[in-house]
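For reference, the structure is listed below as structure tokens.
This is the structure we're talking about:
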């Protein structure tokens with residue numbers, strides 16, 4: 001046989017498109033070429049494959065080897081193509097012969113193992129090295145090629161085994177895979193890792209006082225709303241933000257699998273957990289690190305926070321371009337990264353919780369400490385956060401400075417009872433409309449947020465006096481719907497709308 005065809009997978013965002021690995025051996029001067037838009041990591045596979053074959057007691061054929069990774073217009077990256085390339089060399093040179101039921105293809109002399117998908121990086125010794133994005137590959141195979149068998153390095157196969165609809169086999173070395181394909185020693189399926197049911201999130205009991213902020217945090221958790229907390233240093237903004245994940249219900253098994261698949265894009269080992277992701281990037285993070293990007297697009301912090309919480313402390317200190325890039329993901333739940341040769345789309349359904357000082361020195365409005373900032377400096381500081389971005393944050397609350405004797409206050413309510421109320425509120429929303437209140441489209445807002453006459457008059461008056469946009473009004477209605485759900489009410493009330501209006505008055509948006 002001089003031509004061998006095997007199946008593998010590339011990576012484009014969270015999708016792993018199919019790749020045909022074609023290996024052709026022809027007479028001529030020894031050469032080894034890899035074509036099909038490979039990057040540097042894929043081109044370097046020539047030396048890894050050569051050494052792995054020789055160190056696994058195989059011969060490296062003396063001839064002209066051409067490896068084509070099709071489709072040719074799809075960029076290929078990483079070392080996951082090492083394994084199919086090495087097997088293709090063995091098939092094309094006749095050192096590996098498949099059993100009869102695995103032979104035969106559309107082209108005479110071609111071997112197409114359509115039921116097998118292979119991915120794995122080779123070390124020079126012939127051992128298989130774990131690969132990143134194993135979960136994303138398994139999910140794509142399960143969706144587009146149900147019933148297929150995926151062969152991965154054993155350290156990566158365990159993660160992929162969590163995906164239903166695809167058979168996963170793990171191998172330690174190249175020789176193990178060859179023995180399996182030759183029908184000598186079958187590979188065994190790996191054990192799937194256990195799903196972690198709970199984590200050690202900080203408890204809300206640690207926060208003393210700040211009843212209004214605690215209430216806003218509960219409303220945000222119950223409806224999936226974004227939250228911005230404004231207050232002087234030491235008022236508890238960061239403490240409250242870090243305790244939001246502990247108020248959220250555990251992820252479903254399907255969502256936990258998707259969150260782990262997102263985390264696997266940049267990691268070899270990914271824990272499976274029902275705990276929602278929590279990401280807190282430093283305020284010096286660039287726009288590319290926050291939303292994704294680079295010459296070869298990578299997922300950013302907002303994607304790694306998918307189905308969880310994105311915490312942005314010291315919000316005005318972030319780069320303006322990075323903050324403005326959040327506007328579209330906050331609306332759509334997805335982010336697109338475009339480059340000259342390709343466009344990658346990542347999921348980004350995250351819950352935003354942010355914190356900021358009222359002014360550059362932090363003491364504006366403090367009852368004791370003196371603020372040294374000029375009005376122009378305060379306005380310039382707050383102006384770092386644009387109106388369109390603020391318009392997309394549902395709740396904005398001010399935290400007062402702690403009063404004297406706050407150490408004598410009793411501990412606050414713990415996270416567990418608050419989480420129970422949040423879970424009940426979210427269950428009510430899913431039963432009524434199939435989504436959280438924060439995700440309600442305008443048509444659903446009209447259907448599920450009908451106002452009584454007195455509440456409608458109050459909302460119209462607030463829109464007129466505060467100059468709100470239609471988006472602001474819709475977000476007030478969504479928050480009011482959550483407040484009503486927390487109270488167990490089927491209909492919106494005047495008090496619900498009044499509370500929701502108070503959550504959007506802090507910065508005049």
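Numbering (the UniProt record's numbering), first residue to last: 1 to 509. Where a beta carbon is used, it is the ideal one built from N, C-alpha and C, also for glycine.
How long is the line joining the alpha carbons of residue i and residue j, rounded to whole angstroms?
i: residue 28; j: residue 3; result: 15 Å
i: residue 25; j: residue 97; result: 15 Å
i: residue 185; j: residue 352; result: 51 Å
i: residue 20; j: residue 168; result: 19 Å
i: residue 395; j: residue 254; result: 29 Å
i: residue 304; j: residue 348; result: 8 Å
i: residue 128; j: residue 178; result: 12 Å
i: residue 323; j: residue 42; result: 35 Å
i: residue 411; j: residue 130; result: 47 Å
i: residue 401; j: residue 231; result: 8 Å
i: residue 155; j: residue 191; result: 10 Å
i: residue 489; j: residue 445; result: 16 Å
i: residue 517; j: residue 449; result: This structure cannot speak to residue 517, because the chain is shown only from 1 to 509.
i: residue 45; j: residue 287; result: 32 Å
i: residue 181; j: residue 99; result: 8 Å
i: residue 12; j: residue 333; result: 18 Å
i: residue 308; j: residue 92; result: 48 Å
i: residue 504; j: residue 434; result: 26 Å
i: residue 515; j: residue 361; result: Because the chain is modelled from 1 through 509, residue 515 falls outside the range shown and cannot be assessed.
i: residue 306; j: residue 344; result: 16 Å
Determine the extent of the beta strand (DSSP E) in which residue i is found, giving its start and end residues.
i: residue 466; result: Here residue 466 belongs to no beta strand (DSSP E); instead the alpha helix (DSSP H) covers 453–466.
i: residue 346; result: 343–347
i: residue 271; result: Unbroken run through residue 271: none, as it is neither H nor E.
i: residue 354; result: 351–356
i: residue 295; result: Where residue 295 is concerned, there is no enclosing beta strand (DSSP E), given that its DSSP letter is neither H nor E.
i: residue 238; result: Here residue 238 belongs to no beta strand (DSSP E); instead the alpha helix (DSSP H) covers 237–242.
i: residue 153; result: 149–153
i: residue 230; result: 227–231
i: residue 9; result: 3–9
i: residue 20; result: 18–26
How should residue i be labelled, buried or exposed, when 16 other C-beta atoms within 10 angstroms of its C-beta is the threshold for buried?
i: residue 277; result: buried
i: residue 372; result: exposed
i: residue 101; result: Low local confidence applies: a pLDDT of 47 at residue 101 is under 50, so the model's placement there is unreliable, with the coordinate-based value given in what follows. By the neighbour-count rule (16 or more Cβ atoms within 10 Å), residue 101 is not buried but exposed.
i: residue 136; result: buried
i: residue 367; result: exposed
i: residue 291; result: buried
i: residue 183; result: exposed
i: residue 470; result: exposed
i: residue 457; result: exposed
i: residue 475; result: buried
i: residue 226; result: buried
i: residue 416; result: exposed
i: residue 39; result: exposed
Excluding the 5 residues preceding and the 5 following residue i in the sequence, name in chain order all residues of the same chain whose CB lies nearer than 6 Å to its CB.
i: residue 64; result: 26, 28, 31
i: residue 68; result: 22, 35, 36
i: residue 126; result: 52, 55, 56, 173, 174
i: residue 314; result: 283
i: residue 354; result: 228, 312, 315
i: residue 508; result: Note on residue 508: pLDDT 43, under 50, position unreliable in the model; no value is reported.
i: residue 484; result: 492, 496
Over the uninterrupted alpha helix (DSSP H) stretch that includes residue i, give me the two end residues.
i: residue 425; result: 415–433
i: residue 55; result: 45–55
i: residue 332; result: 327–332
i: residue 369; result: That residue, residue 369, is in no alpha helix (DSSP H); it is neither H nor E in DSSP.
i: residue 303; result: 301–304
i: residue 379; result: 375–382
i: residue 91; result: 82–92
i: residue 174; result: 174–181
i: residue 396; result: Taken as a continuous stretch (DSSP letters only), residue 396 belongs to no alpha helix (DSSP H), being part of the beta strand (DSSP E) at 395–399.
i: residue 69; result: Premise fails: residue 69 lies in the beta strand (DSSP E), 64–70, not in any alpha helix (DSSP H).
i: residue 387; result: 387–390
i: residue 115; result: Where residue 115 is concerned, there is no enclosing alpha helix (DSSP H), given that its DSSP letter is neither H nor E.
Here's a check: name, in chain order, each residue in its chain whose Cβ is nearer than 7 Å to the Cβ of residue i, leaving out the five neighbours to either side.
i: residue 426; result: 222, 249, 436
i: residue 10; result: 16, 17, 19, 74, 76
i: residue 212; result: 397
i: residue 384; result: 316, 320
i: residue 378; result: 359, 364
Who are the near neighbours of residue i in its chain, counting only those whose CB is closer than 8 Å to its CB and skipping five residues on each side?
i: residue 414; result: 203, 204, 205
i: residue 194; result: 272
i: residue 502; result: none
i: residue 88; result: 4, 5, 6, 21, 22, 23, 67
Any beta carbon of chain B sitting closer than 8 Å to that of residue i?
i: residue 142; result: Going by chain labels, chain B is absent from the structure shown, which holds only one protein chain.
Residue i and residue j look like a contact to me (Cβ under 8 Å); what is the Cβ gap, rounded to whole Å?
i: residue 83; j: residue 7; result: In fact, because the Cβ distance is near 11 Å, the residues do not count as touching under 8 Å.
i: residue 133; j: residue 264; result: 5 Å
i: residue 50; j: residue 79; result: That pair is no contact at about 14 Å.
i: residue 297; j: residue 262; result: The Cβ separation is near 14 Å, so there is no contact.
i: residue 350; j: residue 389; result: Residue 350 to residue 389, Cβ: 15 Å. No contact.
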